[in-house]
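So in my numbering, the last one in the sequence shown is 220, and the numbering has no gaps at all. The C-beta atom is built at its ideal place from N, Cα and C for all residues, glycine as well.
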Amino acid sequence: MSEQKPFTNTTQASGMDEEHIELTEQQWQQKLTPEQYHICRQKGTERAFSGEYYHNTASGTYFCTCCGERLFESATKYDSGSGWPSFFRPAARGVVKEYLDQSHAMVRTEITCARCDAHLGHVFPDGPAPTGLRYCVNSVSLQFVPGQSPELNS
Ligand SMILES: [Zn+2]
C-alpha cells in the first residue's frame, strides 16, 4: 500500500524521540532477526499457538520490536482462543494505525505501529467489552517487559 520510497530519508532511530522512524530495508534487516524482519517488515504471520506471548499472563507492557513504542498493556490482554496474543485496546490513542487489507482473498484491517510502520497483525470486531475489538498481534512484533501495568481508565 505504501510506495517504495527513495533511500534519501534514512533518519536513524534515536530511541527516545517520538519522530516517525524510517529505515531502509537494509537497515531493518541488520537491526532485526530474519523472523522479526519477515513478520514486522514483510507482513508475515507467525504460526497460531506458536508465539511466546500467547499464554503470557504476566503483568507488564508490550513494546514494538522494531522501535520500542509502547503498544499494549497486559491489563487489556485476554485469551481469544485464536492462537495469537489478543488485546481489546492499544496502550494509547494513536500508537496503532489501521489499514484496509484485502490480501489473501479476505477483507481485514491490518494494524501497524504508528511510529515505525511495523506490521503487528489485524484488528477484528469480535472482541470483548468495553471496545468490542480484538487486536490480534504476532508475538514476534512485540517485546514484553514485566512490571506493573497501568490502571485501566477510560
Ligand atoms: Zn514501532
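Asked                                                                                                            : Found
Counted within 10 angstroms of its Cβ, other Cβ atoms place Q214 as buried (16 or more) or exposed               : exposed
Distance between T197 and A114 (C-alpha atoms, nearest Å)                                                        : 24 Å
A157 Cβ short of 7 Å to ligand 1 heavy atom set                                                                  : no
Helix, strand or coil at I105 [DSSP, three-state]                                                                : helix
Other residues of its chain near T123: CB distance less than 8 Å, five sequence neighbours each side excluded    : S140, K143
heavy atom of ligand 1 below 7 Å from R136 C-beta                                                                : no
Cα-Cα separation, K163 to S152                                                                                   : 16 Å
Close-in-space but distant-in-sequence residues of the same chain around E112 (CB under 7 Å, 5 per side omitted) : I105, N204, S205, V206
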